[in-house]
Each structure stands twice: as structure tokens, then as C-alpha cells.
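Structure, as C-alpha cells:
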Amino acid sequence: MPRKHAPDRPGFHGDKYLMEIMDLLLRGADAFVETGCNRGFTACHVAGRHDIPVYTCDVRKPAVDETIERAERLSLGSVHTHHKDSLAFLQHLHDELPTEALVVYHLDAHGPRNEEWIVPKELAEIVSTRGKAVILVDDVQVPGKPQFQNNVCKGVPYTHDIIKEAVFETAKKNGRMLPFRFWQPGYEDKTSWFHPLVGWELITYGVGSITRQLRGRADVAERS
Ligand SMILES: C[S@@+](CC[C@H](N)C(=O)[O-])C[C@H]1O[C@@H](n2cnc3c(N)ncnc32)[C@H](O)[C@@H]1O
Numbered sequence: 130m131p132r133k134h135a136p137d138r139p140g141f142h143g144d145k146y147l148m149e150i151m152d153l154l155l156r157g158a159d160a161f162v163e164t165g166c167n168r169g170f171t172a173c174h175v176a177g178r179h180d181i182p183v184y185t186c187d188v189r190k191p192a193v194d195e196t197i198e199r200a201e202r203l204s205l206g207s208v209h210t211h212h213k214d215s216l217a218f219l220q221h222l223h224d225e226l227p228t229e230a231l232v233v234y235h236l237d238a239h240g241p242r243n244e245e246w247i248v249p250k251e252l253a254e255i256v257s258t259r260g261k262a263v264i265l266v267d268d269v270q271v272p273g274k275p276q277f278q279n280n281v282c283k284g285v286p287y288t289h290d291i292i293k294e295a296v297f298e299t300a301k302k303n304g305r306m307l308p309f310r311f312w313q314p315g316y317e318d319k320t321s322w323f324h325p326l327v328g329w330e331l332i333t334y335g336v337g338s339i340t341r342q343l344r345g346r347a348d349v350a351e352r353s
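Below is the structure:
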């Protein structure tokens, strides 16, 4: 039976702070790459606001079909949807995208039961192949701010420490320690009309001017 398609919604859970931060980051980007499209809300949201190619993927065919249908209906020809596992998708894209391109990533691939947290492997793929990047990781714990929900995999929450370890271990293995910066929400209020607050972490490297802009904002907090 065909899946009933949901009405259009903004991306990034409809969190107005996060939408604004991502607009700032996407203004200077050459491409947006997302793992896990689900209904295509975030892919279409970005494609509707920024004149850059949007690449997204999902392991579930109905999710891919719905995203393709949504992008077509909204005449968003810049959305490229792949029916692929996230790691295979990233490897494929990294063979295609020019090395100097600034990519903004949205790592959001997870199953309903969070059987595996794929993000450390995705980060390893990105950090070992790209000299600069902006990476938004979804569903991460925000310490001291329990109003933000986060995912848990096999009893272990998605945390900054796991993210940082994946990034540093990869950089060390590849012999190139880059100036990695880590950021989390600096705000606490819920602004979405349809979704609870969701924790996130942003990783930036090789993008000095973006770092300076993020440092001047009250809605982002740098993590050590
Ligand atoms: C939270 S939803 C994505 C929501 C979407 N990014 C948005 O903002 O509108 C997570 C999606 O990840 C997909 N997924 C889970 N494991 C995956 C994997 N290994 N590779 C690609 N997609 C995966 C799921 O099928 C699901 O549709």
C-alpha cells in the first residue's frame, strides 16, 4: 500500500534558532549533504532557501520515494535523492565532489530503535577525506539542558565525547590534526510548532570566517 505523504513542514524540526544558524552556514556553502532523508522535510527546506545542490539518502525506499515526490511537487530540481546506506552514499559523493568544495553536512540517519549509532563512522569518512567542513549532528545530548531530547543507542546516549573522540581519532590516524571546533545550542526555548526540542552538535574545521561568526552569536555555545 502506498505510504500516505505528510503535509510540508520546515526542516531542522522547525527549530527557529537552528534554522537561522543553518541559513548562515549554508550561505557560504557549495553543497548540502544529508544522511537519512525520511520524508524530505529538511532536504526540501534547504533546497527552497539556498541555490546549492542538495544530496540526501535513505535506506528505506518509501522514504526515498516520498522525498523525490515532495521535491518534484515543490519544483526543487536541486534535490538529489539516493536509495543508499549512509556510508556508501558519503563515499560515493566524496568521489564526485571537488575537494575544495565547502560541504555542509546534516548527519541524521538512524532507525526507529537506534540499533547502531552510525555517526562515528560517517565522521571518520568525512574527516579523512575533506580538508574543511561544517557538520551538523542531530539528536545529541546537551549537558545541563534536559529540555533537549537526544537519542540513546544500546543504553549509551549520543554525546559530545563520542563525537570528539571519533573526530580526533580519525585525524590522528590520518596524520592531520585540523583546528576542529565543536558547538551546541546556546538557547533553551522551544520554537517549533510541531516538534519537541532536539539536541545537536555542530563541528567546523578549515572555515575560519564561519568560526568567527559563530563566536559572536548568543544562540551557539562553543564546547571544549
Ligand atoms: C530522523 S529521520 C531523518 C529526518 C530528516 N533528516 C529530516 O530532517 O527531515 C532518520 C532516517 O534515517 C534513515 N536511516 C536509518 N539508517 C540509515 C542508514 N544506515 N543509511 C541511510 N539512512 C538511514 C531512516 O530510514 C530514517 O528515514
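Just so we're aligned, residue 130 is where the sequence shown starts under this note's numbering, counting upward by one. C-beta: ideal position from N, C-alpha, C; glycine also.
By the Cβ rule, the stretch 227-235 counts as touching the stretch 259-269, because three or more pairs are nearer than 8 Å.
Contact residues of ligand 1 (beta-carbon closer than 5 Å to any heavy atom; chain order) are Gly165, Asn167, Phe170, Thr171, Asp187, Val188, Arg189, Ala192, Asp214, Ser215, Asp237, Ala238 and Gly240. In the three-state reduction of the DSSP assignment, Glu163 falls in the strand class. Per DSSP, the continuous alpha helix (DSSP H) segment holding Arg344 begins and ends at Gly337 to Arg344.
Counting the other CB atoms within 10 Å of its CB gives Asn167 a total of 16 or more, which places it among the buried residues.
Collapsing the DSSP output to three states places Leu265 in a strand. Bounds of the beta strand (DSSP E) holding Arg310 are Arg310 to Pro314. Sixteen is the threshold: when 16 or more other Cβ atoms of the shown chains lie within 10 Å of the Cβ of Pro314, as they do, the residue is buried. It is roughly 16 Å from the alpha-carbon of Arg305 to the alpha-carbon of Val336. Look at the beta carbons and you see the stretch 270-279 not touching the stretch 292-301: under three pairs across the two are nearer than 8 Å.
Secondary structure of Pro286 (DSSP, three-state): strand. Comparing alpha-carbon positions, the option among Ser353, Arg352 and Asp348 lying closest to Lys145 turns out to be Asp348. When DSSP states are grouped into helix, strand and coil, Asp194 belongs to the helix group. Per the C-alpha coordinates, the member of Leu155, Lys301, Asp194 and Arg346 positioned closest to Val175 is Leu155. Across the structure, Ala350 and Leu343 are spaced so that their CA atoms are roughly 8 Å apart. Burial check for Asp187: the Cβ neighbour count within 10 Å reaches 16 or more, so the residue is buried. Two segments are said to touch when three or more pairs of C-beta atoms, one from each, lie closer than 8 Å; by this definition the stretch 151-165 does not touch the stretch 322-330.
Here Arg242 carries a coil assignment [DSSP, helix/strand/coil]. Taken in chain order, the complete alpha helix (DSSP H) segments of 4 or more residues contained in the stretch 196-234 are 215-225.
Residue environment analysis places Ala200 among the buried positions, since at least 16 neighbouring C-beta atoms fall within 10 angstroms of its C-beta.
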